[in-house]
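Just below is one structure, and these are the notes that go with it.
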Amino acid sequence: MTSLSMPECSKRRFFRAGTLWLCLSAISAALVLLPVLALALQAAQGSEGLWSHLLATTLPVAFIDTIILLTGVGILVAILGTSSAWLVTAYDFRGRKFLEWALLLPLAVPTYIIAYAYLDILHPIGPAQSALRAILGYTSPREFRLPDIRSMTGCILLLGFVLYPYVYIPTRAMFLTQSSSLIDAARTLGVTRNAIFWRVALPMARPAIAVGISLALMETLNDIGAAEFLGIRTLTVSIYTTWITRSDLPGAAQIALALLLIVVILVSLERWARRKQRFASSAKRSQNFAPYKVSPLSGAGLFIAGLFPILIGFAFPATYLVIEAWKRMRFAGISPRLYDEIVTTITLATSATIVTLIVGLIVAYTMRLRPGHASQWFFRFSTMGYAAPGTVIAIGVLIVTGSIDRMISNLALSWLNIPVSLFLLGSGAALIYAYLVRFLAISAGSIEAGFNRIPVTYDQASRTLGETATGTFRLIHLPLSKTALSAAALLVFVDCVKELPATLLLRSLNVETLATHLYGEAARGTYEEASIAALAIVAIGILPVIVLSRIGRRL
120 MTSLSMPECS KRRFFRAGTL WLCLSAISAA LVLLPVLALA LQAAQGSEGL
170 WSHLLATTLP VAFIDTIILL TGVGILVAIL GTSSAWLVTA YDFRGRKFLE
220 WALLLPLAVP TYIIAYAYLD ILHPIGPAQS ALRAILGYTS PREFRLPDIR
270 SMTGCILLLG FVLYPYVYIP TRAMFLTQSS SLIDAARTLG VTRNAIFWRV
320 ALPMARPAIA VGISLALMET LNDIGAAEFL GIRTLTVSIY TTWITRSDLP
370 GAAQIALALL LIVVILVSLE RWARRKQRFA SSAKRSQNFA PYKVSPLSGA
420 GLFIAGLFPI LIGFAFPATY LVIEAWKRMR FAGISPRLYD EIVTTITLAT
470 SATIVTLIVG LIVAYTMRLR PGHASQWFFR FSTMGYAAPG TVIAIGVLIV
520 TGSIDRMISN LALSWLNIPV SLFLLGSGAA LIYAYLVRFL AISAGSIEAG
570 FNRIPVTYDQ ASRTLGETAT GTFRLIHLPL SKTALSAAAL LVFVDCVKEL
620 PATLLLRSLN VETLATHLYG EAARGTYEEA SIAALAIVAI GILPVIVLSR
670 IGRRL
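Residue numbers for the sequence shown follow my numbering, so the first one is 120 and each next one is one higher.
So, in structure tokens, the structure goes:
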């Protein structure tokens, strides 16, 4: 009887533990959904007539500028990302190995930093135009000057040269996994090298290109610094100014819902565009696509072409930041305030990373422990925050935490006769909450990929030996998922350091991070003061680029 009852008892314990994990996953999903629901409720309250004013004046311009910006950036990243991926995949030339990983470097430069750098580089009396006038024999900006970078064209170009790696990464992976038999068949039929790209490689890579473009457009919608620096009134900038300048939270919530609607439309269009596309290739049974060896002269031309987006998107702004930071340190050293900002940035990012990893572990392990519709929907709801721009998340979190702060204040005053104000907003907890909602998809997705590499037989063996679900998680899944956890922690940490919109809206009073310090100095036009902070953010942003380049070499 004992031998029969033990497995039954173990089964009941395992089921109870699985139910507990499912409840924790439901709470995680609710934490992500709560700001969106609060946003909708706040928007429904109206804004004392200001909404009609915004609808008649600000919103049409903001909506049109947003659509133009998204269209321009989408076209540019598709061209740069796809052509760069084909260049390093289809042709073999000297320097190709360097370009393969160097084309990822613009990912290290946040959009607001490249705008900040080029505003000074391309200023009428800046280094680029001054050197050009000296070469051409002009002495004054009145005699010769380039078109102003503060324009829609300038914003599209700068964002495109920073965000094209979102298309380059998946498209290159798709090109690498295409079977060489398809290319050989096309050559047998007399198709030229260029025609192979248009007729074979490009159609098969369209799903990857669509995914990359959608990610780049999400980042474009999230941008607030570059658009504001360059004078583009997007919906994201309108949300910020409506809340900060006009102190109109319902109006900001309504604009945020309009922006969220654009995000939903983008995701829907991306899925609709590839709804009938089904491509498959057996990478194990066929030889991968082999690059074509070109002549040294043609190879030099291809190398220069591949180097161009790296120079614009990384090398020029990074060199500028190094020079300006060195000048600043030689002239006045490093400000003590900067050390405080570094500590604040690292503290907030580390705290948010730990919380995000814990919640990501919960939703990912629940998917493995209790597979079914419930766990799948909880996982999807938990990871939907990454699609929403930081300003939208920040407004929703602001509403939720503000309500909780008021409730805590009323309870403390009535029960303890102690006034308590801004418990969450003043302690930085609201900002960490926003980071959690925004970047939980990165954590959960990376951890889920790590869990999928662990055979299910390990779980079955643990269950047979009488171990609980939590014990299996602690003894098997955590030790075997260290690599996935480390990668997730690195990506979340770097994104928290670079995040500007949510940090601007939810930081505590008189608290500055590297990103907000840079934003403040650039808004005042004192570019040299922020060069060290910008360089520090770029240096931190290089870390995931190193990880991605190592993954690319393995591929």
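Positions of the beta carbon are idealized from the N, C-alpha and C atoms, including for glycine.
Residue of the options minimising C-alpha distance to residue i
i: G602; options: L282, T272 and N571; result: The residue asked about is misnamed: residue 602 is Thr in this sequence, not Gly. Here the closest residue by C-alpha is N571.
i: P225; options: T361, L426 and A531; result: L426
i: T656; options: L624, Y235, L141 and S202; result: Per the sequence shown, residue 656 should be read as Ile rather than Thr. Measuring from the Cα of I656, the nearest candidate turns out to be Y235.
i: L206; options: I194, A157, I374 and L222; result: L222
i: A159; options: A377, I232, D239 and T190; result: A377
i: S202; options: A175, F497, S627 and F280; result: F280
i: G479; options: I465, P490, F497 and H492; result: F497
i: I363; options: A607, L555, I514 and L609; result: I514
i: A548; options: V474, I561, A580 and N536; result: V474
i: T355; options: L368, A375, F348 and L336; result: A375
i: T506; options: V611, L336 and G370; result: First, the residue type needs correcting, since residue 506 is Ala and not Thr in the sequence shown. Considering only alpha carbons, the answer is L336.
i: A608; options: A563, V386, R643 and G350; result: A563
i: L241; options: H636, I573 and F435; result: F435
i: Y554; options: A145, I146, P154 and L141; result: P154
i: T464; options: S522, T632 and I233; result: T632
i: D578; options: A568, E567, T591 and T635; result: T591
i: V556; options: N536, G504, L368 and T587; result: G504
i: L276; options: P428, N536 and L321; result: P428
i: L430; options: I233, A642 and I186; result: I233
i: I665; options: A157, I537 and E219; result: E219
Alpha helix (DSSP H) segment containing residue i, residue limits
i: Y458; result: P455 to L488
i: G273; result: M271 to L282
i: Y257; result: From DSSP, Y257 is part of no alpha helix (DSSP H); its letter is neither H nor E.
i: A506; result: Here A506 belongs to no alpha helix (DSSP H), and DSSP marks it neither H nor E.
i: R643; result: L633 to R643
i: A329; result: L321 to N341
i: T361; result: L354 to I363
i: E567; result: A548 to N571
i: R447; result: F435 to A451
i: I233; result: T230 to I240
i: I622; result: In the sequence as displayed, the identity of residue 622 is Thr instead of Ile. Where T622 is concerned, the enclosing alpha helix (DSSP H) stretches over P620 to L625.
i: D578; result: V575 to T583
i: D614; result: K601 to K617
i: E586; result: That residue, E586, is in no alpha helix (DSSP H); it is neither H nor E in DSSP.
i: F542; result: From DSSP, F542 is part of no alpha helix (DSSP H); its letter is neither H nor E.
i: F348; result: G344 to F348
DSSP bridge partner residues for residue i (one or two, in chain order)
i: D211; result: K412
Rounded Cβ spacing between residue i and residue j (contact assumed at less than 8 Å)
i: P508; j: N341; result: 4 Å
i: L559; j: T502; result: 6 Å
i: I510; j: Y552; result: Correcting the residue type first, residue 510 is Thr in the shown sequence and not Ile. At roughly 15 Å, the Cβ-Cβ gap does not stay under 8 Å, so T510 and Y552 are not in contact.
i: L619; j: I343; result: 6 Å
i: C615; j: L467; result: 7 Å
i: L676; j: L654; result: Residue 676 cannot be examined here, being either before or after the span of the chain that is shown, 120 to 674.
i: F500; j: L152; result: 6 Å
i: V611; j: P663; result: Not really, about 10 Å apart at Cβ, beyond 8 Å.
i: T622; j: L543; result: With a Cβ gap of about 15 Å, T622 and L543 do not count as contacting.
i: L178; j: S357; result: 7 Å
i: E460; j: A652; result: 7 Å
i: P246; j: P260; result: Incorrect: roughly 13 Å between the Cβ atoms, too far for contact.
Cβ-Cβ distance between residue i and residue j below 8 Å
i: A424; j: T290; result: no
i: G660; j: P284; result: no
i: D184; j: M271; result: yes
i: C274; j: A181; result: no
i: L421; j: F212; result: yes
i: I481; j: L143; result: yes
i: L488; j: G137; result: yes
i: L440; j: S650; result: yes
i: V286; j: V386; result: no
i: T360; j: G370; result: no
i: Y484; j: H596; result: yes
i: G200; j: G331; result: yes
i: T339; j: L379; result: no
i: A209; j: P415; result: no
i: S546; j: G569; result: no
i: L150; j: S494; result: no
i: I268; j: Y237; result: yes
i: L188; j: T353; result: yes
i: A419; j: A162; result: no
i: F450; j: A227; result: no
i: S528; j: S540; result: yes
i: A641; j: K617; result: no
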